[in-house]
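Worksheet: the structure to be examined is printed underneath.
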Amino acid sequence: MLQVIANAQRRYFKLDGLWHFRPDFKQEGQSHAWYHDNWEQQGQAYRLMAVPGSYNDQGADLKLREHVGDVWYQTTFFPPTTQPSERLMLRFEAVTHHATVYLNGHELGRHSGGYTPFEFDLTGLLDPNRAEQILTVKVNNELSFATMPPGDVITNSQGEKKQVYFHDFFNYAGIHRSVYLYTVPQTHLADLTVVTKRLSADHHQATVGYEVKVAGATAPVQVSPQSPVSPELQVNREPPVSPELQVSVALKHKDGTVVATAAGATGELIVPEPKLWGPEHPYLYYFEATLQDATGQIVDCYRIKCGLRTIRVDGLKLLLNDEPIYLKGFGRHEDSEVLGKGHNDAIMVHDYNLMQWMGANSFRTSHYPYAREQLDLADELGFLVIDETSAVGLNLQLGARGHDYQCPYQHFYQGITQDTAHNHAQVIKELIARDKNHPCVIMWSIANEPDSIHEGAREYFAPLTQLTRELDATRPVCYINEGNGDPARETLADLFDVVCLNRYYGWYTETFDLEDAKNRLRAELKGFRDKYQRPIIITEYGVDTNAGLHSFYAEMWSEEYQRKFLKLYHELFDECPAVVGEQIWNFADFATAQGIVRVDGNKKGIFTRSRRPKSAAYDVRARWLSRPTYYSK
Ligand code: BDP
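Per this note's numbering, the sequence shown runs over residues 2 to 634.
This is how it looks when you write it as structure tokens:
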């Protein structure tokens, strides 16, 4: 899915700001048709809520923070004037978790999956009798065994709904990212794919493959697949796209110098003396596609930034541009005070500056696709990203978060339905559709810590792995393994290209016994290497650390214990040639559900939630600054 941009053929208008907001505590919004009226004009009570942002912490209201069910957002807009040759689109970058969108009281469609964009074609659907159009969004935050991430809604003794989930971050909800109105030409460039297919052995030539998709008046205009348009909103479609349309593409330097050109919707560009993209030199070209009619008139034009690079696994090595690399970085969260999971450019830029200060070259979008701005910035700054779906918590062994929960199933795969795998496939498809052109994305992670040992795991994951490879044959695919899935018991690793391990020896097990922890982890790393002969990335390791707590004995929760733990893990990684990356859990402290194992959230951050460094930051910084990205043991 192409990003919303403005150029000579396209315009956009952000609908961000303060929206009207109604929590649906009595579950009456649907039956009372809250989508129908303009609340402000009808004198209905509402609050104000900032978009983008999670609603939970904006409200200063415990009931709202913990609410399970629907909330409603409303805004109005004066539509821009459009030409008959244009379409008017409505794009939501992310609504968590389920959105039902209404225009002037009519349902436009629905989308499930809280971290990927979806859109609607509004052409012909505006009400000509009103200047100000009403946009209402019902947002629901309920998770079930079929959703990504999964969860279960239970009822307490007072008949109130409670959300149980199996992942370790607060279930923030709301309109988390920007909302756009934008125009595209009726016949337009609907998608671009650009891949670096090959580098010559001497790197003096790169072969870039591309594919351009054109959508016309009768072709589907990227409307979300889960978006049934209600019958009263059906519009007359125009005749088919003219066969005389021409697609041409050009790869350019940013100063406009043309590097290579080609004609046709698919093809290859040969780039002599390519400037390759990598953490040390994140060089970006412009890839420009132009659509012209038979008279040579430009119908549409679209430009992306693109980096030329290859990424592949070779034995125990991970190769970027044919050279072995070592990942240094973090598992992160989109999480900050007040905003929750709402995207904010300033917070993002600050986080990247802190990561650069640390000497990090990578991160994982644990545990869901991050805002597209994050990947744009990672492209610019040269971060290597493991891009993850929202499939987190597919594992009952790790326990439910939030409530005393008697799970009806012994293991996750007993609770799933056909919809679970369907929705999992859908989040993979939407992730790759959005992020496939980012050079920063070096690997797809299709799940975090799923149950990898019980019956059903392999059957569940094999088709999803295959799907991921069909959608993108150019990047390694991984899943993130949790501690119960040791080499003897886990059943999935051979389906994937890289072994990614989250390990907490010395914290959850071998508690406070770091020497024992080291021995066990050493044995396990050897086990994985011997069995699978694949590179290993430690995608999580860390300990809860209460900033400001010091201990002569380096006791647990103290800053000294975090330093000691990380030092020991790092010594061990340096012993193991198969370990090609270390990503500390976590970049910063983050909010979690209420529970008996977390004090004001998860404290495994190297930074606090307000981004102040803990002592370990300085040790890790010294290590990472002294180790280049291109590094082989
Ligand atoms: C892992 C999860 C991560 C948790 C972390 C922890 O992948 O989401 O926050 O452990 O317990 O199991 O801190």
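Don't be surprised by glycine CBs; every beta carbon is placed ideally from N, CA and C.
Asked                                                                                                                                                                                                     : Found
Assuming contact is defined by CB atoms lying nearer than 9 Å, are L89 and L109 in contact in what I supplied?                                                                                            : no
Could you tell me which residues DSSP puts in a beta bridge with W445?                                                                                                                                    : D388, V478
Assuming L277 contacts R310 under a Cβ cut-off of 8 Å, what Cβ separation, rounded to an integer in Å, is found between them?                                                                             : 6 Å
List the residues that DSSP assigns as beta-bridge partners of Q375.                                                                                                                                      : Beta-bridge pairing links Q375 to no other residue.
Name, in chain order, the residues that DSSP records as bridge partners for E87.                                                                                                                          : P186
Does M2 come out as helix, strand or coil in the three-state DSSP assignment?                                                                                                                             : coil
With a CB to CB cut of under 7 Å and the five nearest residues on each side skipped, what residues in its chain are close to A51?                                                                         : L19, Q59
Could you check the C-alpha separation between Y506 and H68 for me, to the nearest Å?                                                                                                                     : 36 Å
DSSP three-state call for H635: helix, strand or coil?                                                                                                                                                    : Nothing about residue 635 can be reported from this structure: the residues present for the chain run from 2 to 634 only.
Just curious, the alpha helix (DSSP H) that Y287 is in, first and last residue?                                                                                                                           : Where Y287 is concerned, there is no enclosing alpha helix (DSSP H), although the beta strand (DSSP E) it sits in stretches over 286-293.
The ligand BDP and S446: does any heavy atom of the ligand fall closer than 8 Å to the residue's C-beta?                                                                                                  : no
Would L397 pass as a contact of Q411 if the rule is Cβ separation under 9 Å?                                                                                                                              : yes
Using 8 Å as the cut-off, can you tell me whether the stretch 507-523 makes contact with the stretch 563-580, which would need three or more C-beta pairs spanning the two stretches below that distance? : yes
Pull up the DSSP beta-bridge partners for V165, would you.                                                                                                                                                : D153
V581 and L328 look like a contact to me (Cβ under 8 Å); what is the Cβ gap, rounded to whole Å?                                                                                                           : 7 Å
What are the boundary residues of the alpha helix (DSSP H) that includes V350?                                                                                                                            : 346-359
Identify, in the order they occur along the chain, each residue of the same chain with its Cβ nearer than 6 Å to the Cβ of T609, setting aside the five sequence neighbours on each side.                 : A548, D590
Quick one, which of T546, H254, R613, R624 has its alpha-carbon nearest N603's?                                                                                                                           : T546
Could you pull the DSSP bridge partners for S363 from this structure?                                                                                                                                     : G330, L385
Using only the heavy atoms of the ligand BDP, determine whether one of them is closer than 8 Å to the beta carbon of W586.                                                                                : yes
K163 and E269 look like a contact to me (Cβ under 8 Å); what is the Cβ gap, rounded to whole Å?                                                                                                           : Actually they are not in contact, since the Cβ atoms of K163 and E269 sit about 55 Å apart, beyond 8 Å.
What distance in whole Å lies between the Cβ atoms of D388 and T366, which are believed to be in contact at a cut-off of 8 Å?                                                                             : 5 Å
Hey, could you find the ends of the alpha helix (DSSP H) H423 is sitting in?                                                                                                                              : 419-436
Let's test the definition: count the other Cβ atoms within 10 Å of the Cβ of E335 and tell me whether it reaches 16, buried, or not, exposed.                                                             : buried
Under the assumption that D487 contacts Y533 (Cβ atoms under 8 Å), give the Cβ distance between them as a whole number of angstroms.                                                                      : With 8 Å as the limit, D487 and Y533 do not qualify as a contact, their Cβ atoms being about 12 Å apart.
Report whether the distance from the Cβ of K342 to the nearest heavy atom of the ligand BDP is below 8 Å.                                                                                                 : no
Given a threshold of 16 other Cβ atoms within 10 Å of its Cβ, counted over all protein chains shown, does A290 qualify as buried or as exposed?                                                           : buried
May I have the straight-line CA-CA distance separating E233 from Q187, to the nearest angstrom?                                                                                                           : At E233 the pLDDT is 35, less than 50, meaning the model places this residue with poor confidence; the figure from the coordinates comes in the next sentence. For E233 and Q187, the distance between alpha carbons rounds to 21 Å.
Are at least three pairs of beta-carbons, each pair with one atom in the stretch 171-185 and one in the stretch 439-456, less than 8 Å apart?                                                             : no
Using a 10 Å radius around the Cβ and a threshold of 16 neighbouring Cβ atoms, would you call L49 buried or exposed?                                                                                      : exposed
So is Q75 buried or exposed if we call it buried at 16+ other beta carbons inside 10 Å?                                                                                                                   : buried
Roughly how far, in whole angstroms, is the beta-carbon of P500 from the beta-carbon of F462, given that I think they are within contact range, below 8 Å?                                                : Note that residue 500 corresponds to Val in the displayed sequence, not to Pro. No, V500 and F462 are not in contact; Cβ-Cβ is about 14 Å, not under 8 Å.
Is DSSP giving V598 helix, strand or coil here?                                                                                                                                                           : coil
Closest by CA to I271, which one among I539, V259, G115?                                                                                                                                                  : V259
In the DSSP output, which residue or residues are listed as bridge partners for C577?                                                                                                                     : In the DSSP output, where bridge partners are listed per residue, C577 has none listed.
My output table needs one value for R523: the three-state DSSP class, helix, strand or coil.                                                                                                              : helix
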